[in-house]
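Asks: Heads up: the sequence shown is residues 4 to 699, going by our numbering. My structure is below; once you've seen it, I'll send some questions.
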Amino acid sequence: MHCAFCHLPMPLPRGGAAAASGAEPAEPLYCCYGCRFAAEVTSARGEKGRLTWMLGRLSVAGFLTMAVMMLAMYQYRQQIAGPDAQSELSRQLGGVMQYAALVFSAPVFVLLGIPIFRAAADQARAGILSTDALVVVGVGAAFVYSYLATLRGTGDTYYETACVILVFITLGRWLEARGKLRASEAVRALERLLPDEVAVERDGAPLRVKPADVRPGDLLSVSAGDRIAADGVILRGRAHVDEQLVTGESTPVVREIGDSVRAGTLSTDGALVIRATDTGAASTLGRLIELLEQARNSRSNYQRLADRIATWFIPVTIILALVGAGLGLRRGGAADAIMTALAVLLIACPCALGIATPTAVWVALGRAAARHILIRDGHTLERLARVRTVFFDKTGTLTTGDPRVQAFVAAGGAREGEVLESAACAASGSTHALSRAVALYARQRNISPSPALESRVIAGRGVVALQSGGEVALGSAALMRERGFDLSGPVAEALARACSEARPVACVGWGGRACGLFAFDESLREDAVAALGALARRGVRVAVLTGDHAARGRSLAAQLNTEVAAELLPQDKLRRIEDARRAGGAVAMVGDGLNDAPALAAADVGIAMGCGADLTRESAAVCLAGNELAAVPWLLDLARRTVRTIKVNLFWAFAYNIIGIGLALTGRLSPIVAAAIMVVSSLLVVGNSLRLNRHE
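Right, here's the structure in full:
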């Protein structure tokens, strides 16, 4: 069972069908009055009015509490002077002051006390003993005792104590709940990406509906500057679409008829008509929100520990409060007993303990989401913080996946420019990746080929083009041999070297002779060297696992200045991961999540690059939608800092509870100070967690 606002786990009801089934209640339940308070204010209905009303209540209660404290000053003066120094008039005036304090404190209990009492009653009806119940017992006892003392005309009153506690608790829990809201801002920011209304054509009739009411098959009209409300296909129009949400790419891309678009993306400069395919929770944005919610509600090992302790904390607190009451009774009577028990109840409230882990995890998940990194659960952050080895797949991860010319040889007496011009002419007749690489290589050297008169692609071999000077072939060595071209000399030597390194090649020839050879390699990503170096500086072992030839592996190791294991089969990669895990520390595997899915699943943390709209790659615990290698060291830093924050939060929560309970039991801690410390402790935990928002 979880709080309806902050989703913190709540104690299960004692017995009953709900406890047995684990079902959530039909009516929303909140872990404390602060969450109920914040849920009302941040609801979609009348947010500004509710906020004004609630803050107004708190202001009025604060003003009345100051009046009660001023009236209590007379009682303090009488206590200092002693009963022998009091005249009959001063005793009568003291009685009047007590009645005045009762009059001023009653509205405080109505404005601030009743909502907390109601929250405790709702939880009690559900069979849940909450921290609100501790406040109700303590503050209620102080007020009832003071009321009876006022009626009898004997004894001290504690109206000011009860009022100050209510003000502190209400203000503190409100601030705490607002902190929880800030910690979960990532989900709310995604929800705000949808427009308020959508122009829809349904059954030939134009309508304006809420995004939640859009159905598959509806025709959506999107104007320039509008957000797209559902996944769909463009039927009419052309526009630059900002897809940063999905791909992390800040530059808008052109989308036109037949292209797919995603919910939450923005049409920057054109009008579109889109047929909706996936709507609501089934859309890309809906699935992203769902995954973030699942991650936010998941419980890490630290949270499970805190939950187990908090479950026993409230019963133990009640026992300690009774012990404190007994000690207070022996020290100074019923008044001391009530004040000691109240101080114990307040200082022992496990609020800080309950939020120590989830607030840090929520902020970290939101910070990662802002950088287009999706983390599937809080436990992944813990595993990332323990990572000591990071393995990288090569293709599509450290390389762009597009071939580039690594070496070029001209032979057969032909000039280099002539060979490049003829090769580029032939390449213009093919869309093959190697042909595109040849054409790019020629352009980079300012070669402008004349257009081919005729081109013919030979599947699996290459392309043959007819130009003014005759026929030119561009393709594999097998194509050269089939056409009877001589492959001897420098071309043969370059071909042998490329084959020994398992590099793709393309030969170009005419007039019965191979006149040139291109050897290809994959282009390294621009940020690859920097990202791997950053990991190494953090004390992480970095290695590349690839199935490439050993010679290409050595070349890659020299370029990256890192360890490369080559000629590996998929099962060899799994064995390397297992060996690294046995050597100590957690292992992360970074890949594209497709051809290396088994390795990602085998690692302690699988990190998939460039997920984009494919948010369901189950093999990866982390999805880098932004496709940035620099995000990997950044993510490790975030995880380590998050775990440190959780440890500091838990230490503070435990230390303040243990020390505070000891002081309260000995009567050295007043209830007002206990309430203030309880509020400050929760705010310290929330504030410490929110510092993660500054992680860069």
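For glycine and all other residues, C-beta sits at the position ideal for the given N, C-alpha and C. Because the structure is a prediction, the values reported are computed rather than measured.
1) SER692 lies in the alpha helix (DSSP H); which residues open and close that run?
2) Whole angstroms is fine: what's the gap from LEU490's alpha carbon to ALA497's?
3) If I measure Cβ to Cβ from ARG486 and keep anything under 6 angstroms in the same chain, skipping five residues before and after, which residues do I get?
4) Mind reading off the beta-carbon distance from VAL244 to VAL236? Whole number of angstroms is fine, and I expect it under 8 angstroms.
5) Could you tell me if GLN409 is buried or exposed, where buried requires 16 or more neighbouring beta carbons within 10 angstroms of its beta carbon?
6) Is ALA455 helix, strand or coil by DSSP?
7) Please go through the same chain and pick out, in chain order, the residues whose beta-carbon is closer than 8 angstroms to the beta-carbon of LEU197, but skip the five residues on each side of it.
8) Count the other C-beta atoms from every protein chain shown that fall within 10 angstroms of the C-beta of GLU504, then say buried if there are 16 or more, exposed otherwise.
9) Less than 8 angstroms between the CB atoms is what I'm expecting for ALA123 and VAL147, so what's the real figure, rounded?
10) Within 10 angstroms of its Cβ, does GLN574 collect 16 or more other Cβ (buried), or is it exposed?
11) Looking only at DSSP bridge pairs, what is ASP2 linked to?
12) Once DSSP output is grouped into helix, strand and coil, what is the label at ALA279?
13) When the Cα atoms are used, what is the spatial distance from GLN447 to ARG407?
14) At the 9 angstroms Cβ level, is HIS552 part of the contact set with chain C, yes or no?
15) When you compare only the Cα positions, how much space is there between ALA355 and ASN652?
16) Taking the alpha carbon of GLU525 as the point to measure from, which residue in CYS352, ALA440, ALA602 has its own alpha carbon closest?
17) Around the Cβ of ILE662, are there at least 16 other Cβ atoms within 10 angstroms (buried) or fewer (exposed)?
18) Quick check: is any heavy atom of the ligand MN less than 8 angstroms from the C-beta of PRO601?
19) Between ARG241, LEU571, ALA284, ASP206, which lies nearest to GLY261 when the distance is taken from Cα to Cα?
20) Given a cut-off of 9 angstroms, decide if CYS166 and ALA64 are closer than it, judged by their beta-carbon atoms.
21) According to the Cβ coordinates, are SER192 and HIS375 closer than 9 angstroms?
22) Using the rule of at least 16 other Cβ atoms within 10 Å of the residue's Cβ for burial, across every protein chain shown, is LEU572 buried or exposed?
23) Could you tell me the distance, in whole angstroms, from the CA atom of LEU345 to the CA atom of SER692?
24) Quick one: what's got a C-beta closer than 8 angstroms to SER453's C-beta in the same chain, skipping five residues either side?
25) For the candidate residues ALA517, ARG555, SER673, LEU695, whose alpha-carbon lies nearest to that of ALA417?
26) Specify, as a first and last residue, the run of the alpha helix (DSSP H) that GLY478 falls within.
27) Quick one: grab the DSSP three-state call for ARG578.
28) Compute the beta-carbon to beta-carbon distance between ARG205 and LEU238, rounded to the nearest angstrom, for a pair I have assumed lies under 8 angstroms.
29) Quick one: is SER133 buried, meaning 16 or more other Cβ sit within 10 Å of its Cβ, or exposed?
30) Should LEU348 and LEU151 be called a contact, given that it needs their Cβ atoms to be closer than 9 angstroms?
31) Which stretch, first to last residue, makes up the beta strand (DSSP E) that contains ARG516?
32) Excluding the 5 residues preceding and the 5 following GLY1 in the sequence, name in chain order all residues of the same chain whose CB lies nearer than 7 angstroms to its CB.
33) Leaving out the 5 sequence neighbours to the left and right, which residues in its chain are closer than 6 angstroms to PRO318 when beta-carbon positions are compared?
34) Name the one or two DSSP bridge partners that HIS735 has.
35) For THR45, which of helix, strand or coil comes out of DSSP?
36) Where TRP365 and ALA539 are concerned, what is the direct C-alpha to C-alpha distance, given to the nearest angstrom?
Replies: The answer reads as follows:
1) Run containing SER692: 674-693, per the alpha helix (DSSP H) assignment.
2) Across the structure, LEU490 and ALA497 are spaced so that their CA atoms are roughly 10 angstroms apart.
3) ALA476
4) Not confirmed; about 13 angstroms, so no contact.
5) With 16 or more neighbouring CB atoms inside 10 Å of its own CB, GLN409 falls in the buried class.
6) Three-state result, ALA455: coil.
7) PRO214, ARG230, ALA232, ALA266, GLY267, LEU288
8) buried
9) So it is not a contact: roughly 16 angstroms between Cβ atoms.
10) exposed
11) Limits of the chain in this structure are 4 at one end and 699 at the other, which puts residue 2 out of reach.
12) DSSP, reduced to helix, strand and coil, places ALA279 within a strand of the structure shown.
13) Distance from the CA atom of GLN447 to the CA atom of ARG407, rounded to whole angstroms, is 12 angstroms.
14) The chain inventory of the structure shown lacks chain C, comprising one protein chain alone.
15) 8 angstroms
16) ALA440
17) exposed
18) For the ligand MN, the structure offers nothing, since it holds no ligand at all.
19) ARG241
20) yes
21) For clarity, residue 192 is Ala in the given sequence; the question names Ser instead. The answer is no: Cβ separation not under 9 angstroms.
22) exposed
23) 29 angstroms
24) GLU424, CYS428, GLN470, SER471
25) ALA517
26) Element bounds for GLY478: not the alpha helix (DSSP H) but the beta strand (DSSP E), 473-478.
27) helix
28) With 8 angstroms as the limit, ARG205 and LEU238 do not qualify as a contact, their Cβ atoms being about 14 angstroms apart.
29) buried
30) For LEU348 and LEU151, no; Cβs fall outside 9 angstroms.
31) 516-527
32) Because the chain in this structure spans residues 4 to 699, residue 1 falls outside the shown range and cannot be described.
33) none
34) No answer is possible for residue 735: it lies beyond the span of the chain, which begins at 4 and ends at 699.
35) Low per-residue confidence applies at THR45: pLDDT is 49, beneath 50, and the placement is therefore not dependable, though the value from the model is reported in the following sentence. Three-state result, THR45: coil.
36) Their Cα atoms are separated by approximately 28 angstroms.
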